[in-house]
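Undergrad:
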Amino acid sequence: MKRADNDLVVLVKECGEYEPDKIRLMVLEGMKTLGYSPRGKIALKPNVVCAFDPKFSSVHAYTHPNFLSGVVRAVSEQEGVSRIAITETPAVGNPSPVSFHFAGYTKLVRELKKELKKPVRLVGMDEELRKEVFVGGAVHHQVRLARSFALADSRIYLPKLKGHCVSRMTGAVKLNIGILSFDDRSVRHDFLLDQKIVDLLGVGYPDFVVMDAITIGVGNEALPLPRKLGLILMGKNPLAVDLVASRLLGMRGEVDVPYLALAIKNGYKPASLEEVKLIGDAESERDLERFAERVKPYDDEFYRWQDVNKELERMGSPLRLYFGPYSDKGEEKCETGCVMGLKMYLAFLEAYAGVEAFAKAKPGIFVIGKIKEEIDAKGANVFIFGSCSSARILNPGKVVKINKCFTTASDMFLIVGNRTGIKSPFFDPRFLSQYLSYLLLSIGKKLVNGRYLQDIAYFASQGLFRKI
26 MKRADNDLVV LVKECGEYEP DKIRLMVLEG MKTLGYSPRG KIALKPNVVC AFDPKFSSVH
86 AYTHPNFLSG VVRAVSEQEG VSRIAITETP AVGNPSPVSF HFAGYTKLVR ELKKELKKPV
146 RLVGMDEELR KEVFVGGAVH HQVRLARSFA LADSRIYLPK LKGHCVSRMT GAVKLNIGIL
206 SFDDRSVRHD FLLDQKIVDL LGVGYPDFVV MDAITIGVGN EALPLPRKLG LILMGKNPLA
266 VDLVASRLLG MRGEVDVPYL ALAIKNGYKP ASLEEVKLIG DAESERDLER FAERVKPYDD
326 EFYRWQDVNK ELERMGSPLR LYFGPYSDKG EEKCETGCVM GLKMYLAFLE AYAGVEAFAK
386 AKPGIFVIGK IKEEIDAKGA NVFIFGSCSS ARILNPGKVV KINKCFTTAS DMFLIVGNRT
446 GIKSPFFDPR FLSQYLSYLL LSIGKKLVNG RYLQDIAYFA SQGLFRKI
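Residue numbering for the sequence shown follows our numbering, beginning at 26 and increasing consecutively.
1. Using only the alpha-carbon positions, how far apart do Gly260 and Leu478 sit?
2. Excluding the five sequence neighbours on either side, which residues of its own chain have a C-beta within less than 7 angstroms of the C-beta of Gly196, listed in chain order?
3. Please identify the residue among Tyr370, Val158, Thr433, Ala116 whose C-alpha is closest to the C-alpha of Leu337.
4. For the alpha helix (DSSP H) containing Glu314, list its first residue and its last residue.
5. Which value, in whole angstroms, describes the spacing of the CA atoms of Leu250 and Val134?
6. Spatial neighbours of Leu55 within its chain, please: C-beta separation below 6 angstroms, excluding the five flanking residues on both sides.
7. Kindly confirm or deny that the region 389 to 400 and the region 408 to 425 touch, where touching means at least three C-beta pairs closer than 8 angstroms.
8. Given this structure, state the Cα-to-Cα distance separating Gly95 from Lys335, to the nearest angstrom.
9. Taking just the CA atoms, how far does Lys387 sit from Tyr230?
10. Closest to Val164 by CA distance: which of Leu59, Gly341, Ser462, Val212 is it?
11. How far does the alpha helix (DSSP H) with Arg172 in it reach, from first residue to last?
12. Leaving out five residues before and five after Val123 in sequence, what residues of the same chain have Cβ atoms less than 6 angstroms from its Cβ?
13. According to DSSP, simplified to helix, strand and coil, what is Ile447?
14. For Glu299 and Glu113, I'd like the C-alpha separation in whole angstroms.
15. Give the straight-line distance between the Cα atoms of Ile204 and Glu308, rounded to the nearest whole angstrom.
16. Does DSSP put Asn406 in a helix, a strand or coil?
17. Excluding the five sequence neighbours on either side, which residues of its own chain have a C-beta within less than 8 angstroms of the C-beta of Glu44, listed in chain order?
18. What's the gap between the Cα of Ser173 and the Cα of Gly255?
19. What's the gap between the Cα of Asp15 and the Cα of Ser458?
20. Pull up the distance between the alpha-carbon of Pro71 and that of Lys397, whole angstroms please.
21. Cβ atoms of Leu285 and Leu264: under 8 angstroms apart, would you say?
22. Inspect the beta-carbon positions of Gly366 and Asp436 and report whether they are closer than 8 angstroms.
23. Does Phe81 pass the burial test, meaning 16 or more other C-beta atoms within 10 Å, or should it be called exposed?
24. In terms of alpha-carbon separation, which member of Tyr182, Pro63, Lys302, His189 lies closest to Val31?
25. Less than 7 angstroms between C-beta atoms, sequence neighbours within five positions excluded: which residues of the same chain meet that for Arg64?
26. Just verifying my parser: in three-state terms, what is the DSSP assignment at Ala68?
27. Going by beta carbon distance, what residues of the same chain come within less than 8 angstroms of Val333, once the five residues before and after it are set aside?
28. Looking at the strands, I want to know which residues DSSP matches up with Val168.
29. Per the DSSP calculation, Phe233 is bridged to which residue(s)?
30. Classify Ala171 as buried or exposed, calling it buried when 16 or more other Cβ atoms lie within 10 Å of its own Cβ.
31. Taking only runs of the alpha helix (DSSP H) that begin and end inside the region 264 to 292, which ones reach a length of at least 4 residues, in chain order?
32. How long is the line joining the alpha carbons of Glu152 and Asn119, rounded to whole angstroms?
33. Identify, in the order they occur along the chain, each residue of the same chain with its Cβ nearer than 8 angstroms to the Cβ of Ile181, setting aside the five sequence neighbours on each side.
34. I'd like to confirm the pairing. Which residues does DSSP put opposite Ser415 in its beta bridges?
35. Which two residues bound the contiguous beta strand (DSSP E) that contains Phe373?
36. State the Cα-Cα distance for the pair Phe451 and Glu326, rounded to the nearest angstrom.
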């Protein structure tokens, strides 16, 4: 794939607050400086992986609505743009109307429709009809993408810069996980996750990236803790933007972020930060290091919920994780599958119930992977996650196994429930009423859009007929 010279340029702009008009002007400057002129139908992809009532989640987990507002306004001013679709798939089990509402996007788009001359709509990829797209990757041969994304003339990504509990960081490249609906999203979300992400670059390569690095998230990506960085990053190459962003988090993406390293190994450029030309308010790596001081220290909070047992010990909890390899043939652990679901599940429990609830929890054992030594549960409940997982358990209380690859945080909320002795937000009446109302709304949209009929037809043609 041939790219222009300025595709390895990243524009860094200081921006201390989420002021839509200021952001609009910066994006207009960025598009002009980097030679990006969007035309036709635009797919605008923010990060809205997780947005709930603030009582149950973090307002720093998603691209800020004022940031989105500034970008949409800038794009709508481009003469060649005919229409804009803001589109995303949230985390598995989370219908898009839930996240769109609590992220402030539903209200924002309602206002933008009244103000802007260009048509703007908010599209849940989990609700829209899909188009089959060839990938030819190591994990995905083909995927089905929402039509608003697959048929767009130009794609703009608006990642939120955050740390990540298993992938080290999330930025522009990893944003492609959100172009998949729940069925394709769960495929090989295990030890092949990095390869999955690289595969998706072939069908999800953005034409322009505007990264929200004003307030970044550290710790767990679903419930990040805020730190003020005060920057916006822009570029036409997602890998280049991510390499710059990784340096702002104290890492070298080409080495420290597995999926970026694999993308480089597979031939994507740039191969290192040294190949990126920095312009704007940062013109050298030294400038990036100066900005990185704003989000230090790299302390326990910075890496919160990246080590399960460390966090359980921090809270004085009687819960413990046994984490082993996914195969009898080696010692390699699946760091990007069920353990990621567990980290998110426990992080949500802490945010909702608090540290004291963990200290007062019932003794319990989590098992992920193949544990070779015997585990004496001493009457504690045992929770086994993942189809590859097994262990010899002595003296267990109740044994619960979720025989699924991978086991998501949603699975754990539904099946583990309150068995740990920690109250789950999923059973909070306030959460249930909100969730169920938006779930019904999402079901209605799928019925009207014909999404269910399309999925049934696909299953019949691709799965049922083959078996017959």
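All residues carry an ideal CB built from backbone N, CA and C; glycine is no exception.
TA: If we stick to the structure as given:
1. Here residue 260 corresponds to residue number 235 of the sequence shown, with the count starting at 1. Here residue 478 corresponds to residue number 453 of the sequence shown, with the count starting at 1. Using only the alpha carbons, I get a separation of about 39 angstroms.
2. Looking up residue 196 in the sequence shown gives position 171. The answer, listed in chain order, is Pro184, Leu186, Met236, Val266, Asp267, Ala270.
3. The residue labelled residue 337 in the question sits at position 312 within the sequence shown. Considering only alpha carbons, the answer is Tyr370.
4. In the sequence shown, the residue the question calls residue 314 occupies position 289. Residues 310 to 317.
5. Indexing the sequence shown from 1 puts residue 250 at position 225. Indexing the sequence shown from 1 puts residue 134 at position 109. Cα to Cα, Leu250 sits roughly 27 angstroms from Val134.
6. In the sequence shown, counting from the first residue as 1, residue 55 sits at position 30. A small fix is needed here, since residue 55 is Gly in this sequence, not Leu. Hits under 6 angstroms: Leu36, Met259.
7. yes
8. Within the sequence shown, numbered from 1, the residue matching residue 95 stands at position 70. Within the sequence shown, numbered from 1, the residue matching residue 335 stands at position 310. For Gly95 and Lys335, the distance between alpha carbons rounds to 40 angstroms.
9. For the purposes of this step, residue 230 is taken as residue 205 along the sequence shown, with counting starting at 1. For the purposes of this step, residue 387 is taken as residue 362 along the sequence shown, with counting starting at 1. Whole-angstrom Cα-Cα distance: 47 angstroms.
10. Residue 164 sits at position 139 when you count from the first residue of the sequence shown. Answer by Cα proximity: Val212.
11. Here residue 172 is taken as the residue at index 147 of the sequence shown, counted from 1. First-last of the alpha helix (DSSP H) with Arg172: 172 to 175.
12. Here residue 123 refers to the residue found at position 98 of the sequence shown. Excluding sequence neighbours, Val123 sits near Tyr463.
13. In the sequence shown, counting from the first residue as 1, residue 447 sits at position 422. Coil, per DSSP.
14. For the purposes of this step, residue 299 is taken as the residue at position 274 of the sequence shown. For the purposes of this step, residue 113 is taken as the residue at position 88 of the sequence shown. Roughly 32 angstroms separates the two Cα atoms.
15. Mapped onto the sequence shown, residue 204 falls at position 179. Mapped onto the sequence shown, residue 308 falls at position 283. Taking the straight line joining both Cα atoms gives about 32 angstroms.
16. Reading the sequence shown from its first residue, position 381 is the one you call residue 406. If DSSP states are grouped into helix, strand and coil, Asn406 belongs with the strands.
17. Counting from one through the sequence shown, the residue named residue 44 turns up at place 19. Excluding positions up to five away in sequence, the list reads Asn91, Gly95.
18. Within the sequence shown, numbered from 1, the residue matching residue 173 stands at position 148. Within the sequence shown, numbered from 1, the residue matching residue 255 stands at position 230. Each residue's Cα considered, the two are about 31 angstroms apart.
19. Lying outside 26 to 493, the shown extent of the chain, residue 15 is not represented and no answer is given.
20. Against the sequence shown, residue 71 aligns to sequence position 46. Against the sequence shown, residue 397 aligns to sequence position 372. Taking the straight line from one Cα to the other gives about 43 angstroms.
21. For the purposes of this step, residue 264 is taken as residue 239 along the sequence shown, with counting starting at 1. For the purposes of this step, residue 285 is taken as residue 260 along the sequence shown, with counting starting at 1. Yes; because the gap between Cβ atoms is below 8 angstroms, this pair is in contact.
22. If you number the sequence shown from 1, residue 366 lands on position 341. If you number the sequence shown from 1, residue 436 lands on position 411. Against a cut-off of 8 angstroms, the Cβ pair of Asp436 and Gly366 comes out as a contact.
23. Within the sequence shown, numbered from 1, the residue matching residue 81 stands at position 56. Phe81 is buried by the Cβ-count criterion.
24. Here residue 31 refers to the residue found at position 6 when the sequence shown is read from its first residue. Looking at the sequence itself, residue 31 is Asn, so the reference to Val does not match. Among Tyr182, Pro63, Lys302, His189, the Cα nearest to that of Asn31 is on Lys302.
25. Position 39 of the sequence shown holds residue 64. Once the five neighbours on either side are set aside, the close Cβ partners of Arg64 are Gly105, Val106, Asp178, Ser179.
26. One-based indexing of the sequence shown puts residue 68 at position 43. Strand at Ala68.
27. In the sequence shown, residue 333 corresponds to position 308, counting from 1. Closer than 8 angstroms at Cβ, skipping near neighbours: Leu346, Phe348, Val364, Leu367, Lys368, Leu371, Phe391.
28. Stepping through the sequence shown from its first residue, residue 168 is reached at position 143. In DSSP, Val168 forms a bridge with Val158.
29. Mapped onto the sequence shown, residue 233 falls at position 208. Partner(s): Ile181.
30. The residue labelled residue 171 in the question sits at position 146 within the sequence shown. Buried is the call here.
31. 278 to 281, 283 to 290
32. Mapped onto the sequence shown, residue 152 falls at position 127. Mapped onto the sequence shown, residue 119 falls at position 94. If I take the Cα positions, the gap works out to 12 angstroms.
33. Within the sequence shown, the letter at position 156 stands for residue 181. Correct list, in chain order: Pro63, Ile67, Ala68, Leu69, Lys70, Val96, Val100, Pro231, Asp232, Phe233, Val234, Val235.
34. The residue labelled residue 415 in the question sits at position 390 within the sequence shown. Answer is Lys395, bridged to Ser415.
35. For the purposes of this step, residue 373 is identified with residue 348 of the sequence shown, where counting begins at 1. Per DSSP, Phe373 belongs to no beta strand (DSSP E); it is in the alpha helix (DSSP H), 363 to 378.
36. The residue given as residue 451 occupies position 426 in the sequence shown. The residue given as residue 326 occupies position 301 in the sequence shown. Spanning the two alpha carbons is a distance of roughly 25 angstroms.
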